[in-house]
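Here is the structure we will look at.
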Amino acid sequence: MDLLALADFTLVARHGGFGRAARAAYRPKATLSRRVAGLEASLNVRLFERGARELKLTEEGRALYERAGYLLTELEETTAAIASGGTQVRGRMRISVPLLFSQIAMGRLAAEFALQYPDVRLEVTTEDRSVDMIEEGYDLVIRVNPDPDETLVGRPFLRDRLVIAASPTLSRVDHAPVPAVVRDVPQDDHWSIVDAQGEASMAFEPVLRLSSMIMIRDAVRAGAGAGCLPISLVGQDIATGRLAHWADVPGSDVALWVLYPTRRLVNARVSAFLDFLKAAFPTGACEELGAFLGT
177 MDLLALADFT
187 LVARHGGFGR
197 AARAAYRPKA
207 TLSRRVAGLE
217 ASLNVRLFER
227 GARELKLTEE
237 GRALYERAGY
247 LLTELEETTA
257 AIASGGTQVR
267 GRMRISVPLL
277 FSQIAMGRLA
287 AEFALQYPDV
297 RLEVTTEDRS
307 VDMIEEGYDL
317 VIRVNPDPDE
327 TLVGRPFLRD
337 RLVIAASPTL
347 SRVDHAPVPA
357 VVRDVPQDDH
367 WSIVDAQGEA
377 SMAFEPVLRL
387 SSMIMIRDAV
397 RAGAGAGCLP
407 ISLVGQDIAT
417 GRLAHWADVP
427 GSDVALWVLY
437 PTRRLVNARV
447 SAFLDFLKAA
457 FPTGACEELG
467 AFLGT
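FYI, the numbering for the sequence shown is 177 to 471, going by the numbering used here.
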């Protein structure tokens with residue numbers, strides 16, 4: 177495939193027309209038109225629907241534009257990095273982060289990284305779904321206990337676990353269900369716990385059903401009921417006496433992993449972000465996240 181023709185196609189698609197692309201790039205309109213026509217002929221598909229006043233991407237054109245734009249940018253940045261010795265930390269970097277981690281930590285992490293590396297155009301999206309890093313153009317993803325994937329490599333950078341916590345004003349009555357703030361998803365009516373007496377089951381009666389751990393933590397702080405929460409969210413509250421630690425949840429250990437595609441060279445941006453996470457959380461212990469959050 178003619179890379180110059182592909183670059184001209186993405187230029188026209190980005191600007192929405194041959195005339196606007198020609199003016200933006202100081203290129204002859206006829207040259208852009210000829211290159212795009214040649215690309216369409218080589219692929220045997222129409223990439224644009226040419227109307228009297230506007231130019232629209234066809235379905236095939238949109239698919240090519242979404243992939244080619246990212247790949248051409250990556251190629252340009254790779255050649256620039258090679259020319260500069262491969263050490264410049266610059267360019268666009270896209271990261272996908274799960275909801276809870278993005279809510280509690282990613283804003284501050286992103287800001288600190290951006291201040292440290294001002295030439296990186298960092299883009300962070302929040303989603304708990306599994307993403308296709310290659311198809312969707314991500315450089316890194318952060319995931320909780322990810323399934324094995326031979327197309328990805330990475331390492332855990334943080335660990336966490338669940339505890340049962342409640343306001344000190346809330347008391348437990350033997351054999352009676354405790355009032356609880358829970359997630360708004362189907363679940364059992366008891367928690368499996370480990371406390372000073374050993375393994376047990378703690379029955380609960382939901383008084384609130386909320387959709388995020390942050391809301392649950394805040395409701396538990398307010399005394400609405402007990403909650404099953406990550407120690408990173410409530411560790412400081414427990415240490416200061418704001419919340420009481422009722423029990424641990426066995427088998428609840430989780431690990432946050434940072435992952436990237438195996439078939440891509442690790443560029444300077446990715447290496448810098450991996451080092452940045454290591455510096456932020458040197459041992460990966462859940463206490464480090466709690467201290468970082470300052471909650």
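We put the beta carbon where it would ideally sit given N, CA and C, even for glycine.
(request) Determine the DSSP secondary structure at Gly313, reduced to helix, strand or coil. (result) DSSP, read as helix, strand or coil, puts Gly313 in coil.
(message) Taking the alpha-carbon of Arg385 as reference, which of Asp365, Val361, Ser377 and Val370 has the nearest alpha-carbon?
(response) With distances taken between Cα atoms, Arg385 lies closest to Val361.
(message) Within the continuous beta strand (DSSP E) that includes Val354, where are the two ends?
(response) In the DSSP assignment, Val354 falls within the beta strand (DSSP E) that extends over Val354 to Arg359.
(request) Whole angstroms is fine: what's the gap from Ala444's alpha carbon to Gln264's? (result) Distance between the alpha carbons of Ala444 and Gln264 is about 7 Å.
(message) Measuring only the C-alpha atoms, how far is Glu236 from Ala244?
(response) If you take the alpha carbons of Glu236 and Ala244, they lie about 12 Å apart.
(message) Within the continuous beta strand (DSSP E) that includes Val273, where are the two ends?
(response) Membership of Val273 in the beta strand (DSSP E) is indicated by the continuous run Gly267 to Val273.
(message) Using 8 Å for Cβ pairs, my map puts Leu187 next to Ala206. What's the rounded Cβ distance?
(response) The pair is not a contact, with the Cβ atoms about 14 Å apart (cut-off 8 Å).
(message) I'd like the span of the beta strand (DSSP E) that includes Glu326, first residue to last.
(response) Glu326 -> no beta strand (DSSP E), and no H or E assigned at all.
(request) Kindly give me the distance between the Cβ atoms of Leu450 and Pro322, rounded to whole angstroms, as I take these residues to be in contact under 8 Å. (result) With a contact defined as Cβ atoms closer than 8 Å, Leu450 and Pro322 miss out at about 16 Å.
(message) For His366, tell me which candidate among Ala290, Pro382, Gln373 and Gly374 has the shortest Cα-Cα distance.
(response) Among Ala290, Pro382, Gln373 and Gly374, the Cα nearest to that of His366 belongs to Pro382.
(request) Grab the span of the beta strand (DSSP E) containing Leu432 for me, first residue to last. (result) In the DSSP assignment, Leu432 falls within the beta strand (DSSP E) that extends over Val430 to Pro437.
(message) Would Leu419 and Val430 be called neighbours here (beta carbons separated by less than 9 Å)?
(response) Against a cut-off of 9 Å, the Cβ pair of Val430 and Leu419 comes out as no contact.
(message) Using a 10 Å radius around the Cβ and a threshold of 16 neighbouring Cβ atoms, would you call Arg319 buried or exposed?
(response) Here Arg319 is buried. Its C-beta has 16 or more other C-beta atoms within 10 Å.
(request) Apply the 10 Å Cβ neighbour rule to Gly267 and answer buried if 16 or more other Cβ atoms are within range, or exposed otherwise. (result) When all chains shown are included, Gly267 counts as buried.
(message) Tell me which residues share the same chain as Ser388 and place their Cβ nearer than 8 Å to its Cβ, disregarding the 5 neighbours each side in the sequence.
(response) Answer for Ser388: Leu275, Leu276 and Gln279, listed in chain order.
(message) Is the separation between the beta-carbon of Val317 and that of Val273 shorter than 9 Å?
(response) Cβ atoms of Val317 and Val273: closer than 9 Å.
(message) At the level of alpha carbons, what is the spacing between Asp315 and Ser447?
(response) Each residue's Cα considered, the two are about 11 Å apart.
(request) State yes or no: is the C-beta of Thr488 within less than 9 Å of the C-beta of Val329? (result) Outside the displayed span of the chain (177 to 471) sits residue 488, for which this structure offers no information.
(request) Specify the secondary structure class of Ser218 as computed by DSSP and reduced to three states. (result) DSSP, read as helix, strand or coil, puts Ser218 in helix.
(request) Look at the Cβ atom of Ala197, then the Cβ atom of Leu208, and state whether they are nearer than 9 Å. (result) For Ala197 and Leu208, yes; Cβs fall inside 9 Å.
(message) On the DSSP letters alone, give me the boundaries of the alpha helix (DSSP H) that Thr186 sits inside.
(response) Boundaries of the alpha helix (DSSP H) around Thr186: Leu179 to His191.
(message) Taking the beta carbon of Ala290 as the centre, do at least 16 other beta carbons fall within 10 Å, making it buried, or is it exposed?
(response) Exposed is the label assigned to Ala290, since fewer than 16 other Cβ atoms lie within 10 Å of its Cβ.
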